[in-house]
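Enquirer: The following block contains the structure, expressed as structure tokens.
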Amino acid sequence: MPKEQLSTKLKPDEIERLKKLLEDMNCISSGLSDHEIFRAKVRDSQIIVYKSGVVVYHQDVMPIISSSLLEDEAVEVGSDEAGKGEIEGPIVVAAVVLDGNARRELRTMGLMESKSIPKKRLFIMRNLIKSKCISLDLEVIEPEEFLSSWKRGNLNDLLVEWHKKAIIKVTKEVRVDRIIIDAFDRTKILSAVEPIAKEIGASLVVEERADENYPTVAAASILARATRDDLIKEGHTERKWRL
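If you're matching positions, the sequence shown starts at 1 in full-length UniProt numbering and goes up one per residue.
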């Protein structure tokens, strides 16, 4: 039976840490293409590290990957959405709270932002995130509700309010150190969420491609996409955009 192949994204210092671990095991070699930094063979399993930061590996070398990960102990909230650009079906906004141990475990198990995960793996990761998280919230905006609120040019205003609502819910009874959101509209997000962060004593990170660079936002993207996919299968396919 073929071994299961996983992938996650490493930071530069984690790549160096992994490289040192593999060098100490005397199993590292040069990459075989311009896209690779290095690769290694551990017994009959492979680890390949790409210049993008993505590492691809077989399941039985997960302990080595875990040893290379550098996560602090901060409790983070990440939020992301799915479906905003689709003609049909709901928009789902997810917020999730993860501590350092959960982030490390989920990354070892193959946590990536939702667009980089095969569909069959998406729902496995969704269940793992639910089992590891401290708190989560899902805001489902059906097309009828969307159409009653939407006016041309105000989509980002609505998205900010839905993210804000989800973040307030997950931080109500949980101590949080960081809030991280993808910067779809930095100014509006800061205006709406910065007061919440200050009130609970959390730092606020608003960055483009946050789902690619922060595991907690990647986890939120998986929750949002998997929930939306479930709803589409159940027949929630009404149009939300009037063309």
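Even for Gly, the Cβ is constructed at its ideal location relative to N, Cα and C.
(1) Between Asp157 and the rest of its own chain, which residues show a CB-CB distance below 8 Å, the 5 nearest in sequence each way excluded?
(2) Under a three-way DSSP split, which group does Phe184 fall into?
(3) Going straight from the alpha carbon of Glu139 to that of Ile37, what length do you get?
(4) Is the segment 14-31 touching the segment 53-69 in the sense that three or more CB pairs, one from each, lie closer than 8 Å?
(5) Using a 10 Å radius around the Cβ and a threshold of 16 neighbouring Cβ atoms, would you call Pro195 buried or exposed?
(6) Please report the straight-line C-alpha distance between Tyr57 and Lys151, rounded to a whole angstrom.
(7) Using the C-alpha atoms, what's the distance from Glu86 back to Phe123?
(8) Tell me Gly78's beta-bridge partners as DSSP assigns them.
(9) Among the residues of its own chain, which have a CB less than 8 Å from the CB of Asp13, if the five just before and after it don't count?
(10) Going by DSSP, what residues sit across from His58 in a beta bridge?
(11) Label His163 either buried or exposed according to how many other C-beta atoms from any shown protein chain fall within 10 Å of its C-beta, with 16 as the threshold for buried.
(12) Can you give me the Cβ contacts of Leu243 inside the same chain, cut-off strictly under 8 Å, excluding the 5 residues immediately before and after it?
(13) Can you give me the Cβ contacts of Gly83 inside the same chain, cut-off strictly under 7 Å, excluding the 5 residues immediately before and after it?
(14) Do you know whose CA, among Glu4, Ile48, Tyr50 and Asp34, lies nearest Gln59's CA?
(15) Please state whether DSSP places Leu147 in a helix, a strand or coil.
Expert: So, from the listed chains and residues:
(1) Short of 8 Å from the beta carbon of Asp157, and not among the five residues preceding or following it, lie these beta carbons of its own chain, in chain order: Lys188.
(2) DSSP places Phe184 in coil when its eight states are reduced to three.
(3) Spanning the two alpha carbons is a distance of roughly 40 Å.
(4) Short answer: they touch.
(5) Classification of Pro195: exposed, given that the 10 Å Cβ count is below 16.
(6) Rounded to whole angstroms, Tyr57 to Lys151 spans 46 Å at the Cα level.
(7) Rounded to whole angstroms, Phe123 and Glu86 show a C-alpha spacing of 20 Å.
(8) Residue pairing of Gly78 in beta bridges, as defined by DSSP: Val96 and Ile180.
(9) Apart from the 5 residues on each side of it in sequence, Asp13 sits with its Cβ closer than 8 Å to the Cβ of Leu70 in its chain, given in chain order.
(10) Its beta-bridge partners are Gln5.
(11) So His163 counts as buried.
(12) Confidence is the limiting factor: at Leu243 the pLDDT is only 47, short of 50, which leaves the residue's position unreliable and the question unanswerable from this model.
(13) Taken in chain order, the residues that qualify are Gly89, Pro90, Ile91, Val92 and Arg228.
(14) When each option's Cα is compared against that of Gln59, the closest is Glu4.
(15) Reduced to three states, the DSSP call for Leu147 is helix.
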